[in-house]
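One structure below.
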Amino acid sequence: MYDGPVMSVNYVQLAVRGFDDAADFLSETTQFDNRVNWQEAVPQFDSQIKELLENFSVVKERATTDESRAKVDEAVSVIEQWRAAAITRLGGAEGGATALLDDTQMAVLHGKATTALDELTEMILADGYAARESAAETVVEAGREEWMITGGIAVMILAVCFLLARMIMGTLKKAMDAARTIAGGNLEQEIKARATDEFGRLLQALEAMRGELRKQRDQEAEAAHKQAADAAAKSERQQRIDSMSQTFAQRVEQLMQGVSTACSTLNETSQQMDGLASRTSTIAVDAKKNADQASGSAVVISSATEQLSNSIDQIADLVGKSTTISNEASTA
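What follows is the structure, encoded as structure tokens:
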């Protein structure tokens, strides 16, 4: 943007210096006491003018206005006139040194060329300054537009970030609340997941975990209830066995007491029979009486024997019941 005017200024300054160098060369070679071969001087002078004109072509190419380009053409035309006059002065024109120009004519052409170069330089510098101001304004405007674009992009980014954060944080908060609810032991509240993205799958995973924990809790509660029921039934059976065992022990004790009483009665009766048998041999007179007593004793013995047999049957019956109860307890 600013390179063209800068190059124009640089090359117009080079052209001015080239013109000054060519003018100095012409002045030195045309002095009266400086005898220079015109065939050597003309090509050297012409080379300097050619380089000067090349600089003018660059100035015209980089000029920013039509007026500047027209001024370049004007300066080139004046330089061409001065060049032709200078070559004639050097003796390189047709007719050789016979066509001479005086110093006044050369001074007029040199002044016109100098004026044209000064005007061109001033115009190119003005164009460069204007281009610099325009470039500065363009840079400021571009910077302003860049700031506006950057600000707009920043606002859009912030808006997108806000929306994303709202979406993400809302879903994460829902997931965190669900996790806290599960951690607090509340497994009855259902976790609803409508989205199908990663957050939706996260909520679905929490819902699956809640279902598994609830199922495990129900299974543990059922197992605990069953265990408590089994323990209660076992305790009840144990109490029933203890009660039956105690009743059995009491009845056995009663039967043993009855057996002991019967044995005592048998012992006493036996002793009485022994006494009667002894007295039978010595007391013949009381034979009938003794016979009656022996008959009564036999009846007593028979009764005691029958009572003992009944007691033994009852003991056997109790033993059978005890065995049945023990089998039931071991089976349960």
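This note's numbering puts the first residue of the sequence shown at 4, with every later residue one more than the last.
Ideal Cβ positions, reconstructed from N, Cα and C, are used throughout, including at glycine.
Just so we're clear, the structure is a prediction, and the values are computed from it rather than from any experiment.
If you draw a 10 Å sphere on the C-beta of residue 51, you find 16 or more other C-beta atoms in it, and that means buried. Put simply, of 65, 316 and 121 the residue whose alpha carbon is nearest the alpha carbon of residue 82 is 121.
In the three-state reduction of the DSSP assignment, residue 323 falls in the helix class, which pools H, G and I. Where residue 93 is concerned, the enclosing alpha helix (DSSP H) starts and stops at 69-93. The alpha-carbon separation between residue 187 and residue 193 amounts to approximately 14 angstroms. Taking the C-beta atoms as reference points, residue 63 is found no nearer than 7 angstroms to residue 45. Cβ contact annotation for residue 58 (same chain, cutoff 7 angstroms, sequence separation greater than five): 14, 17, 18 and 21, in chain order. Nearest to residue 80 by C-alpha distance, out of 254, 119 and 71, is 119. One Cα belongs to residue 166, the other to residue 126, and the distance between them is close to 58 angstroms.
Residue 243 and residue 268 have their C-alpha atoms spaced approximately 37 angstroms apart. Sorting 71, 86 and 65 by C-alpha distance to the C-alpha of residue 48 places 86 at the top.
Distance from the CA of residue 245 to the CA of residue 233, rounded to the nearest whole angstrom, comes to 18 angstroms.
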